Every structure is written in C-alpha cells, then in structure tokens.
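A.B. asks: The sequence shown begins at 0 in numbering that gives the first Met the number 0 and counts up one residue at a time.
Virtual Cβ for every residue (Gly too), placed ideally from N, Cα, C.
For clarity, every value in this text was computed on a predicted model and none was experimentally measured.
Pasting a structure below so you can have a look.
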Amino acid sequence: MEKLYDRADICDLIESEERFGCIKKDWTLFLGERSIKTVLDVSIGSGGMTIPLLDMGMDVTGSDLSEAMLERCKKKVKARGKDIQLKCTDFRDLSCFGDDKFDMVVSTGNSLGYVSNADVLKTLEEMDKHVKDGGYICFDSRNWEKIQKETERFYFYNPFHHGENRVNLMQVWDHNQDGSITFNLLYSFEKDEKIFQREIFEEHYNPFKLEPVTKHLEKLGYKDITIKQFPCYAPETEFEKMDWYRLIAKK
Ligand SMILES: C[S@@+](CC[C@H](N)C(=O)[O-])C[C@H]1O[C@@H](n2cnc3c(N)ncnc32)[C@H](O)[C@@H]1O
C-alpha cells in the first residue's frame with residue numbers, strides 16, 4: 000500500500016485559502032501576547048499548519064521525515080513569494096539543527112503519536128534543545144484518552160471540491176489489541192455522481208496520555224503549561240471532551 004506522506008498531493012486536497020485563514024485566526028488567538036519571531040516545526044509536512052505563521056510575519060524553519068511533503072511545502076512557500084529553510088529528519092534526532100535556537104519549537108498536525116510513548120518524551124527532549132531560554136515548546140494532538148475511552152471508530156469530513164470533482168474523506172479507526180490505533184483513510188473522488196477514483200491509506204498511531212508529557216515538561220524546566228482545545232476559537236470545553244488539543248509551555 001502506498002504511503003500517505005508520499006502523496007503530498009492527496010494530503011493537500013483538504014487545503015484552501017479559507018482553511019489557511021481559519022488556521023491563522025486560531026494561531027493568533029492561541030499565541031496571544033507571547034512574543035514569537037522564530038519558529039521551528041519538526042513535523043511541518045507540506046506546511047498546512049505552519050505557512051499561516053509565515054503569513055503572520057514569523058521566520059519559519061521546518062523539518063519532516065517525508066521528502067515529498069517537504070518538496071511540496073517549499074513550492075507552496077515560494078508561490079507566496081517567501082522562503083523557508085527545510086530539513087529532512089526524524090524528530091527523534093534533531094542534531095541536524097546544531098546549536099540553532101528558536102522562540103518556539105512546535106510539532107504540528109497530530110504527529111507525535113506516530114512514535115512510541117517513550118519516544119514522545121525523547122522527541123520533547125530533542126525539541127527542548129532548540130528552544131531559547133524564555134521561549135516555548137508546543138504541539139497539537141488528538142485527545143487519545145477520549146478516543147480510547149469512547150473507542151470511537153468513525154470520523155467523517157465534510158466533502159470538499161477539487162476542480163470539477165467532489166472528494167469525500169472518511170476515517171475508520173481500528174483499535175488494536177496492543178493499544179495502538181490504525182487509521183484507515185478512505186478517499187473517494189466523484190464526478191457526474193460517479194466514483195471514478197479511490198485512494199486508501201493506513202496510518203499507525205500510538206496513543207499517549209497527557210499527564211506523563213506534562214510531568215516530563217516540568218522535569219525539563221517548563222512552566223505555564225497551557226492546554227487549549229484545537230482550534231481554540233471553538234466553544235471552550237474541559238479536557239475530557241476535547242477531540243484535539245494544543246499544548247504550549249514556557250522555558
Ligand atoms: C498529519 S501530517 C501533518 C503535517 C503538517 N504538520 C500539517 O499539520 O499539515 C504528519 C506529518 O508528520 C510527519 N512525521 C511522522 N513521523 C515523523 C517522525 N518520526 N519525524 C518527523 N516527522 C514525522 C509525516 O511525514 C507528516 O508530514
């Protein structure tokens with residue numbers, strides 16, 4: 000089966016200027032008065048969550064495991080008349096950034112769950128090495144605790160349009176015996192009310208709990224750990240009810 004992140008074109012089908020606008024609004028509200036000029040996103044992908052930060056005037060650097068996603072990110076940034084430094088690396092080893100430090104180091108797009116629970120903590124340590132004193136560490140994640148408690152299985156997206164075609168995306172989540180979750184991503188492409196193309200991808204996640212993460216961040220010297228629903232302009236709710244959250248903490 001083809002890998003989702005080799006198909007950056009498919010990943011980006013969901014994107015639109017309207018979506019970028021919503022993400023920008025969300026970042027603006029979420030970051031508030033925090034002074035952030037330089038950002039490193041260690042799972043930047045094709046930039047869906049991070050290009051809006053460039054649009055907000057920040058200096059953005061990115062890395063990702065997928066060359067295809069990075070290539071697409073570069074093209075999208077160039078098309079906006081901007082530039083970005085990108086590196087291909089696993090976020091469990093960020094040594095390619097040497098001694099570089101940033102105002103905020105972030106992992107966007109529910110990406111930490113791709114690695115084992117122990118490696119999530121290791122990744123936070125790697126990210127921490129590149130956070131300036133007084134800077135921020137940040138990530139967003141699906142609320143795995145809610146997903147596991149409710150053993151949710153189906154996740155539907157509103158249909159979106161790509162040229163003349165209508166695209167439907169649905170996710171079916173398999174809860175595996177070892178505690179991992181396989182996301183089956185089912186895309187169907189319709190024209191003249193007929194499905195003419197189907198694309199199926201499998202993504203494997205390792206659900207992690209929030210508490211060990213916040214404890215680890217405290218051990219690393221982080222304070223003001225703030226968790227908000229993602230996107231944060233949605234009506235406020237308690238953690239147990241959040242589908243997706245974003246955490247930020249100050250070094
Ligand atoms: C859902 S995409 C999110 C992309 C982008 N941040 C966004 O929100 O649009 C997840 C990304 O995580 C990357 N990824 C998965 N495991 C990784 C790892 N161990 N190190 C670095 N990147 C990884 C994938 O290549 C993919 O680009």
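Please enumerate, following chain order, all residues with a beta carbon closer than 5 Å to at least one heavy atom belonging to ligand 1.
C.D. replies: Those satisfying the condition are, in chain order, Y4, S42, G44, G47, M48, D63, L64, S65, M68, D89, F90, T107, G108, S110 and Y113.
A.B. asks: What first and last residue would you give for the beta strand (DSSP E) that runs through H174?
C.D. replies: Run containing H174: N164 to H174, per the beta strand (DSSP E) assignment.
A.B. asks: Report the option in W143, K227, M103 and L219 whose CA atom is closest to the CA atom of G61.
C.D. replies: Looking at the Cα atoms, M103 is the closest of the given residues.
A.B. asks: Identify which residue in L53, I136 and V212 has its Cα closest to the Cα of F101.
C.D. replies: Residue I136 is the option with its Cα nearest to F101.
A.B. asks: So the alpha helix (DSSP H) E125 belongs to, where does it begin and stop?
C.D. replies: First-last of the alpha helix (DSSP H) with E125: N116 to D127.
A.B. asks: Which residues mark the beginning and the end of the alpha helix (DSSP H) in which F19 is found?
C.D. replies: F19 -> alpha helix (DSSP H) spans E16 to L30.
A.B. asks: Just the Cα atoms here: how many angstroms apart are A117 and T236?
C.D. replies: When rounded, the distance between both Cα atoms is 29 Å.
A.B. asks: What separation, rounded to the nearest whole angstrom, lies between the Cα atoms of G220 and M0?
C.D. replies: Distance between the alpha carbons of G220 and M0 is about 42 Å.
A.B. asks: Quick check on T107: buried or exposed, where buried means 16 or more other Cβ atoms within 10 Å of its Cβ?
C.D. replies: Result: buried.
A.B. asks: When the Cα of T150 is compared with those of K2, Q176 and R197, which residue comes out closest?
C.D. replies: Nearest C-alpha to T150: Q176.
A.B. asks: Between which residues of its own chain and F155 is the CB-CB distance below 7 Å, once the five residues before and five after are set aside?
C.D. replies: For F155, where only same-chain residues beyond five positions count, the Cβ hits under 7 Å are M169.
A.B. asks: Hey, quick one: how far does the alpha helix (DSSP H) through R245 stretch, first residue to last?
C.D. replies: Element bounds for R245: not the alpha helix (DSSP H) but the beta strand (DSSP E), W243 to K249.
A.B. asks: Please go through the same chain and pick out, in chain order, the residues whose beta-carbon is closer than 8 Å to the beta-carbon of M68, but skip the five residues on each side of it.
C.D. replies: Excluding residues within five positions, the ones whose Cβ falls inside 8 Å are Y4, A7, C10, I43, G44 and S45.
A.B. asks: Closest to F229 by CA distance: which of E189, V171 and N142 is it?
C.D. replies: When each option's Cα is compared against that of F229, the closest is N142.
A.B. asks: Hey, could you find the ends of the beta strand (DSSP E) T150 is sitting in?
C.D. replies: No beta strand (DSSP E) contains T150, which DSSP labels as neither H nor E.
A.B. asks: Can you tell me where the alpha helix (DSSP H) holding D8 begins and where it ends?
C.D. replies: Its alpha helix (DSSP H) spans residues A7 to C10.
A.B. asks: Please determine if the segment 11–29 and the segment 87–96 are in contact, where contact requires at least 3 C-beta pairs separated by less than 8 Å.
C.D. replies: Touching, no.
A.B. asks: Determine the extent of the beta strand (DSSP E) in which I136 is found, giving its start and end residues.
C.D. replies: Note, I136: beta strand (DSSP E), V130 to R141.
A.B. asks: What distance in whole Å lies between the Cβ atoms of V59 and V38, which are believed to be in contact at a cut-off of 8 Å?
C.D. replies: Contact holds; Cβ gap of about 5 Å.
A.B. asks: Taking the C-alpha atoms as reference points, what is the distance between L93 and V114?
C.D. replies: Cα to Cα, the separation comes out at about 15 Å.
A.B. asks: At the level of alpha carbons, what is the spacing between A244 and D82?
C.D. replies: Residue identity differs from the one stated: residue 244 is Tyr in this sequence, not Ala. Roughly 29 Å between the two C-alpha positions.
A.B. asks: Which of the three DSSP states is assigned to S106 in this structure?
C.D. replies: Three-state result, S106: strand.
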